[in-house]
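Asks:
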Amino acid sequence: MRPLAVFVLKLAGAGIAFALLFHMVESRQVLGALERAHLLLVVFGVLVFMAGQVLPAVRWQGILRSQAIDIPLSKTLRINLIGAFVGNFLPGMAVGDLTKSALLFRDFPEKRSFLIASVVYDRLLGLAAIMLLAILGTLFLGTIFEDWAFIPYLAAATLIFVSIIAGFSSTAILGRILRWLPNVLSARCSLFAGELQKLLCAPPLLWRSFGLSLGFQISWVVSQWIMLCALLPHAPFVPVLAASPLSLIVALFPISLNGLGVREGAFTFVLQRFGIEPQVAVAAALLSLVPILVSSVIGGLLLGSNNFLWRSAVSGTVGKSCAP
Numbered sequence: 000m001r002p003l004a005v006f007v008l009k010l011a012g013a014g015i016a017f018a019l020l021f022h023m024v025e026s027r028q029v030l031g032a033l034e035r036a037h038l039l040l041v042v043f044g045v046l047v048f049m050a051g052q053v054l055p056a057v058r059w060q061g062i063l064r065s066q067a068i069d070i071p072l073s074k075t076l077r078i079n080l081i082g083a084f085v086g087n088f089l090p091g092m093a094v095g096d097l098t099k100s101a102l103l104f105r106d107f108p109e110k111r112s113f114l115i116a117s118v119v120y121d122r123l124l125g126l127a128a129i130m131l132l133a134i135l136g137t138l139f140l141g142t143i144f145e146d147w148a149f150i151p152y153l154a155a156a157t158l159i160f161v162s163i164i165a166g167f168s169s170t171a172i173l174g175r176i177l178r179w180l181p182n183v184l185s186a187r188c189s190l191f192a193g194e195l196q197k198l199l200c201a202p203p204l205l206w207r208s209f210g211l212s213l214g215f216q217i218s219w220v221v222s223q224w225i226m227l228c229a230l231l232p233h234a235p236f237v238p239v240l241a242a243s244p245l246s247l248i249v250a251l252f253p254i255s256l257n258g259l260g261v262r263e264g265a266f267t268f269v270l271q272r273f274g275i276e277p278q279v280a281v282a283a284a285l286l287s288l289v290p291i292l293v294s295s296v297i298g299g300l301l302l303g304s305n306n307f308l309w310r311s312a313v314s315g316t317v318g319k320s321c322a323p
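Residue numbers (numbering that gives the first Met the number 0): 0 to 323.
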């Protein structure tokens with residue numbers, strides 16, 4: 000019952016967020032903007048986003064190969080899309096990440112701790128790329144429009160993120176944290192922590208993976224900019240460069256179903272700081288949902304065609320997030 004209650008609460012959070020978003024504008028104006036959208040550009044934006052999905056698949060494939068888990072790129076891409084589907088329709092990105100690792104438990108039962116560490120490492124590098132783009136976008140916003148309002152919030156988010164990385168990288172800090180856990184759980188989580196530290200302390204893998212993370216996040220920014228261009232000819236790129244990563248950071252707060260509604264509200268708010276009309280900003284945020292839905296549908300179809308993978312994910316995810 001508890002997972003269902005969390006799902007319902009986060010779904011309600013998404014509904015409230017969208018209600019507040021549409022409260023700021025006239026719905027008819029938003030619908031009018033969407034009706035005037037250039038369909039070919041919308042399709043192009045979706046294609047750019049889907050092409051970008053190859054980059055995190057290559058990133059995770061490289062992480063897995065660092066521990067002699069060599070699987071085809073097509074398989075990592077397929078698992079990533081399944082993870083995106085689960086993460087988008089179940090309460091929390093972590094569920095999608097754990098599903099990704101669990102889908103390989105059956106093939107590599109002796110490397111469960113590493114598989115879980117690999118998706119956490121993968122997620123941390125994605126967040127690092129988002130943070131870097133958010134900093135660049137905020138600096139552009141301040142330089143061009145002399146609007147530095149986001150600096151304190153971004154500084155706080157950066158401090159939290161750096162603290163998390165430092166905590167994972169420090170054996171001493173992790174040791175203190177693990178001492179507070181029950182002995183069995185502490186032993187299991189220490190295996191996961193050790194695998195994660197090995198990944199964080201491998202500079203060549205770190206920089207290669209970060210570069211791929213940055214490339215993927217830029218592809219997402221470009222996709223959103225194309226969606227804005229579909230509504231606003233000659234749309235400027237800088238507003239989207241600021242709005243896209245900042246909205247992803249805001250969406251990390253666990254008050255909605257995978258940030259749904261919260262992400263779009265933050266994206267709209269930042270675009271308006273750059274002078275984009277409210278109805279256009281909201282319409283662009285809604286169009287940016289299209290690539291996410293397309294990738295999720297593909298992930299759902301892949302999941303449905305691989306029932307044995309789903310059974311493996313469920314059995315491996317529930318209660319085994321720190322299993323050896």
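Backbone N, C-alpha and C fix where the C-beta goes; we use that ideal spot for every residue, glycine too.
1. Quick test of your reading: G264 and L19, contact by CB under 8 angstroms. State the CB separation rounded to the nearest angstrom.
2. Return the CA-CA distance between V57 and R27, expressed in angstroms with no decimal places.
3. State the start and end residues of the unbroken alpha helix (DSSP H) segment that holds C228.
4. The alpha helix (DSSP H) that contains E109, what's its start and end?
5. Could you give the distance in angstroms between the alpha-carbon of S65 and the alpha-carbon of N79?
6. Under 7 angstroms Cβ to Cβ from R122, same chain only, skipping five residues before and after it: list those, please.
7. So is F252 buried or exposed if we call it buried at 16+ other beta carbons inside 10 Å?
8. Mapping the DSSP letters down to three states, classify D121 as helix, strand or coil.
9. Does DSSP classify E34 as helix, strand or coil?
10. May I have a chain-ordered list of the alpha helix (DSSP H) segments no shorter than 4 residues that lie completely inside the region 268-310?
11. Rounding to the nearest angstrom, what Cα-Cα distance links L132 and L195 in this structure?
12. Can you tell me which of the three DSSP states G12 falls into?
13. Alpha helix (DSSP H) containing S255: first to last residue?
14. List the whole-angstrom C-beta distance separating L140 from A241, where the pair is believed to meet the contact cut-off of C-beta under 8 angstroms.
15. Which stretch, first to last residue, makes up the alpha helix (DSSP H) that contains S65?
16. CA-CA distance, P151 and L300?
17. Could you check the C-alpha separation between I70 and R77 for me, to the nearest Å?
18. According to DSSP, simplified to helix, strand and coil, what is M23?
19. Which stretch, first to last residue, makes up the alpha helix (DSSP H) that contains P238?
20. Please determine, among T98, V53 and Q52, the residue with the shortest C-alpha to C-alpha distance to L302.
21. Count the other CB atoms, across all protein chains shown, that sit within 10 Å of the CB of R35; report buried if there are 16 or more and exposed otherwise.
22. Whose CA, out of G125, V161 and G274, lies closest to the CA of R207?
23. Do F48 and G298 count as a contact pair if the criterion is CB distance below 7 angstroms?
24. According to the Cβ coordinates, are F191 and S112 closer than 7 angstroms?
25. Let's test the definition: count the other Cβ atoms within 10 Å of the Cβ of G274 and tell me whether it reaches 16, buried, or not, exposed.
26. Under 8 angstroms by Cβ, that's how I've got A128 and S212 pegged, so tell me the actual separation to the nearest angstrom.
Replies: Quick look at the numbers:
1. Within the sequence shown, numbered from 1, the residue matching residue 264 stands at position 265. Within the sequence shown, numbered from 1, the residue matching residue 19 stands at position 20. The Cβ separation is near 6 angstroms, so the contact holds.
2. Locating residue 57 in the sequence shown gives position 58, where the first residue counts as 1. Locating residue 27 in the sequence shown gives position 28, where the first residue counts as 1. Spanning the two alpha carbons is a distance of roughly 42 angstroms.
3. Walking along the sequence shown from the start, residue 228 turns up at place 229. Unbroken alpha helix (DSSP H) run through C228: P202 to L230.
4. Looking up residue 109 in the sequence shown gives position 110. Element bounds for E109: n/a, residue is neither H nor E.
5. Here the question's residue 65 lines up with position 66 in the sequence shown. Here the question's residue 79 lines up with position 80 in the sequence shown. So the alpha carbons of these two residues sit roughly 18 angstroms apart.
6. For this step, residue 122 is matched to residue 123 along the sequence shown. These residues qualify, in order along the chain: D96.
7. Position 253 of the sequence shown holds residue 252. By the 10 Å Cβ count, F252 comes out exposed.
8. Position 122 of the sequence shown, counting from 1, holds the residue named residue 121. Helix, per DSSP.
9. The residue given as residue 34 occupies position 35 in the sequence shown. Reduced to three states, the DSSP call for E34 is helix.
10. 277-286 and 288-303
11. As a position in the sequence shown, residue 132 is number 133, starting the count at 1. As a position in the sequence shown, residue 195 is number 196, starting the count at 1. Spanning the two alpha carbons is a distance of roughly 24 angstroms.
12. Numbered from its first residue, the sequence shown carries residue 12 at position 13. The answer is helix: DSSP assigns G12 an H, G or I state.
13. For the purposes of this step, residue 255 is taken as residue 256 along the sequence shown, with counting starting at 1. First-last for S255: undefined, no H or E at that position.
14. Start at 1 with the first residue of the sequence shown, and residue 140 comes out as number 141. Start at 1 with the first residue of the sequence shown, and residue 241 comes out as number 242. Right, the Cβ-Cβ distance comes to about 5 angstroms (below 8 angstroms), so this counts as a contact.
15. Working through the sequence shown from its first residue, we reach residue 65 at position 66. That residue, S65, is in no alpha helix (DSSP H); it is neither H nor E in DSSP.
16. To locate residue 151, count along the sequence shown from 1; it is residue 152. To locate residue 300, count along the sequence shown from 1; it is residue 301. Each residue's Cα considered, the two are about 42 angstroms apart.
17. The residue you call residue 70 lines up with position 71 of the sequence shown. The residue you call residue 77 lines up with position 78 of the sequence shown. Cα to Cα, the separation comes out at about 11 angstroms.
18. If you number the sequence shown from 1, residue 23 lands on position 24. Three-state result, M23: coil.
19. Within the sequence shown, the letter at position 239 stands for residue 238. Run containing P238: V237 to V249, per the alpha helix (DSSP H) assignment.
20. The residue labelled residue 302 in the question sits at position 303 within the sequence shown. It is T98.
21. The residue you call residue 35 lines up with position 36 of the sequence shown. Its Cβ having fewer than 16 others within 10 Å, R35 is exposed.
22. Here residue 207 refers to the residue found at position 208 when the sequence shown is read from its first residue. Of the listed residues, the one whose Cα sits closest to R207 is G125.
23. Counting from 1 along the sequence shown, the entry for residue 298 is found at position 299. Counting from 1 along the sequence shown, the entry for residue 48 is found at position 49. Cβ distance not < 7 angstroms, so G298 and F48 don't count as in contact.
24. Looking up residue 191 in the sequence shown gives position 192. Looking up residue 112 in the sequence shown gives position 113. In contact: F191 and S112 (Cβ atoms closer than 7 angstroms).
25. Here residue 274 refers to the residue found at position 275 when the sequence shown is read from its first residue. With fewer than 16 Cβ atoms within 10 Å of its Cβ, G274 is classed as exposed.
26. Residue 128 sits at position 129 when you count from the first residue of the sequence shown. Residue 212 sits at position 213 when you count from the first residue of the sequence shown. About 4 angstroms separates the two Cβ atoms, so the contact holds.
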